[in-house]
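In what follows, a structure is listed as structure tokens, so that the remarks can point back to it.
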């Protein structure tokens with residue numbers, strides 16, 4: 057499965073690991089739809105488990121509080 061994912065998503069992959077038997081693939085924000093469509097059509101997945109986002113703000117500089 058990893059080879060198929062790598063071939064389909066290439067440099068859009070940020071991280072790919074197996075965690076407790078589950079394949080976890082992190083992709084760039086601009087590739088999540090392509091990744092989901094690939095998983096559904098090519099890997100026969102029919103359930104999207106988790107989509108998350110974090111908007112990191114720059115840390116406040118000393119004296120800017």
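In our numbering, the protein residues as written are 57 to 121. For every residue, glycine included, the Cβ atom is placed at its ideal position computed from N, Cα and C.
Beta-carbon proximity check, residue 91 vs residue 65, cutoff 9 Å: yes
Range of the contiguous alpha helix (DSSP H) that encloses residue 69: Looking at the DSSP string, residue 69 is not in any alpha helix (DSSP H); the run it does join, the beta strand (DSSP E), is 69-75.
For residue 73, the nearest candidate out of 67, 58, 86 and 87 (CA to CA): 58
Beta carbon of residue 79 nearer than 9 Å to that of residue 69: no
For residue 86, the nearest candidate out of 114, 116 and 67 (CA to CA): 67
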